[in-house]
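Residue numbers (our numbering): 56 to 258. Even for Gly, the Cβ is constructed at its ideal location relative to N, Cα and C. Just so it is clear, the structure is predicted and the values come from calculations on it, not from any experiment.
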Ligand SMILES: [Zn+2]
């Protein structure tokens, strides 16, 4: 075999090897995203909940009254809220890891209006009923799913849905929130809606 032929063979072999490596890197990245990232997120949620819990307060009577036709007494009882003043949430330390794993369009935590960590709602602004409603839907989702499963579905939804707007846990919260805002007097059970979405595999 002449030199040229050998080179071609070698190049082909090399290209094949590279493809194989790229595929295994992709597999590893996919595994990292689906196994490792939800664990990081879950740990972060627990740490943030425990950090803000001592300074947070139960819902005020007016807030409970506005939400009572939609949420169970259990949720209204468990909810804790805090409005940050003079300080803002910071991005979690694993944001850089996520970027390395190919996550794009991550939200800057200091710019969001509010976020729910298990049963603790942390907000950058005073609560309107609409904002509180949205966050309490997440609280109900946490209650039914648990923190670990919530994290898995959130991360999966982000990757599959192509960003925050595509996360089914968010879509559902916005949808139910929209229903509430359209008619705050027409009661419905958020718990039942979350159960239905779960059963239908929509999360
Ligand atoms: Zn949300």
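CA-CA distance, residue i and residue j?
i           : j           : result
residue 94  : residue 168 : 24 Å
residue 237 : residue 126 : 17 Å
residue 75  : residue 67  : 12 Å
residue 253 : residue 224 : 10 Å
residue 111 : residue 84  : 38 Å
residue 152 : residue 113 : 35 Å
residue 150 : residue 64  : 43 Å
residue 161 : residue 60  : 49 Å
Please confirm whether any heavy atom of ligand 1 lies closer than 7 Å to the CB of residue i.
i           : result
residue 189 : yes
residue 174 : no
Contact defined as beta carbons within less than 8 Å: I believe residue i pairs with residue j. What is the distance between those atoms, to the nearest angstrom?
i           : j           : result
residue 214 : residue 115 : Not really, about 38 Å apart at Cβ, beyond 8 Å.
residue 135 : residue 174 : 6 Å
residue 146 : residue 164 : 5 Å
residue 229 : residue 189 : 7 Å
residue 192 : residue 232 : 7 Å
residue 206 : residue 96  : 4 Å
residue 172 : residue 107 : 7 Å
> What are the start and end residues of each continuous beta strand (DSSP E) run of 3 or more residues lying completely inside the stretch 133-180, in chain order?
Replying inline: Correct list: 135-138, 169-172, 175-178.
> Under a criterion of Cβ closer than 5 Å to any non-hydrogen atom of ligand 1, which residues qualify, in chain order?
Replying inline: Taken from the N-terminal end onward, the list reads 225, 228.
> Could you give the uninterrupted runs of the alpha helix (DSSP H) lying entirely in the stretch 85-118, keeping only those of 4 residues or more?
Replying inline: Restricted to the stretch 85-118, the alpha helix (DSSP H) segments that are unbroken, complete and at least 4 residues in length are 92-107, listed in chain order.
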